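Scroll down for the structure; my scribbles are underneath it.
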Amino acid sequence: MKVSKEHQEWIKQYAKSHNLTEEAALNKLIGDVRETQESERVSLQQQIIERLPNLNLEQMREIRQRVEQFYPTLFHVLSEAIKK
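Note that the sequence shown covers residues 0 to 83 in numbering that gives the first Met the number 0.
Okay, structure coming up:
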């Protein structure tokens, strides 16, 4: 993986402050980012599900198109939630 000099220095400092190797520090940071993204996706999903009953048909169609475009798996989950 190519990392800029600036980022390499930051990773070294991060690793040192957390008593990790540079590789372990980089893996931890990547894992943290993935976890954050997943949490945000779940939060967005919950917000949409909670608001669905208050939307008109046109708004629902627009949300469906955007969700299909950006979150194909989220669309599947929402489809199942709507059926229930």
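Every residue, glycine too, gets a C-beta built ideally from N, C-alpha and C.
Because the structure is a prediction, the values reported are computed rather than measured.
Compute the distance between the beta-carbons of Ile10 and Glu22, then report whether it is under 7 Å.
Residue 10 sits at position 11 when you count from the first residue of the sequence shown. Residue 22 sits at position 23 when you count from the first residue of the sequence shown. No; because the gap between Cβ atoms is not below 7 Å, this pair is not in contact.
Assumed close pair Arg40, Tyr70 - CB separation to whole angstroms, cut-off 8 Å
For the purposes of this step, residue 40 is taken as residue 41 along the sequence shown, with counting starting at 1. For the purposes of this step, residue 70 is taken as residue 71 along the sequence shown, with counting starting at 1. With a Cβ gap of about 7 Å, Arg40 and Tyr70 count as contacting.
N- and C-terminal bounds of the alpha helix (DSSP H) containing Val2:
Your numbering for residue 2 matches position 3 in the sequence shown. Careful: Val2 lies outside any alpha helix (DSSP H) and carries neither H nor E.
Would you decide whether Ile47 is buried or exposed? Buried here means 16 or more other CB atoms lie within 10 Å of its CB.
Looking up residue 47 in the sequence shown gives position 48. Buried is the call here.
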